[in-house]
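Visitor:
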Amino acid sequence: TSVLAGRGGMNGANSTSNTHLVAGQEAHVVAKVWAYGNGESDTADFYYTTNPTVLPLNWTYIGSETLSGGGYQYVTSPSFTLPSAEEQAVRVNFRHKGS
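Numbering (the numbering used here), first residue to last: 1008 to 1106.
Right, here's the structure in full:
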């Protein structure tokens, strides 16, 4: 799974209005994944954190998306409100058949 670089310097996130990322506005994460078979049994779970340098990391769940095709696919997270934080990170957990 690879997370794509987005606008505004936050890796993997894009503004939903195709402008720079701004705290308080809507954004989404795009990941490139390899889907098994027809992809219908594969799910991408999206998370973000506003403090990626402090352990343990505290991940906030954005949402999940099921794929509709096999092979390499781009999958987009549900939109979320971008929090105000100097450093942020995103994570995608890609799973097959719920595992």
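Glycine included, C-beta positions come from ideal geometry on N, C-alpha and C.
(1) Reducing DSSP to helix, strand and coil, say where Val1029 ends up.
(2) Hey, quick one: how far does the beta strand (DSSP E) through Gly1078 stretch, first residue to last?
(3) Consult DSSP for Val1094 and reduce its assignment to one of helix, strand or coil.
(4) Between the Cα of Gly1046 and those of Pro1059, Leu1074, Ala1034, Arg1098, spot the shortest distance and give me the residue it belongs to.
(5) From what residue to what residue does the beta strand (DSSP E) around His1073 run?
(6) Roughly how many whole angstroms lie between the Cα atoms of Gln1095 and Gln1080?
(7) Report buried or exposed for Thr1050, applying the criterion of at least 16 other Cβ atoms within 10 angstroms of its Cβ.
Guide: With the given structure in hand:
(1) coil
(2) 1078–1083
(3) In the sequence as displayed, the identity of residue 1094 is Glu instead of Val. Of the three classes helix, strand and coil, the one that applies to Glu1094 here is coil, per DSSP.
(4) Leu1074
(5) First, the amino acid is wrong: residue 1073 is Thr here, not His. That run of the beta strand (DSSP E) goes 1067–1073.
(6) 25 Å
(7) buried
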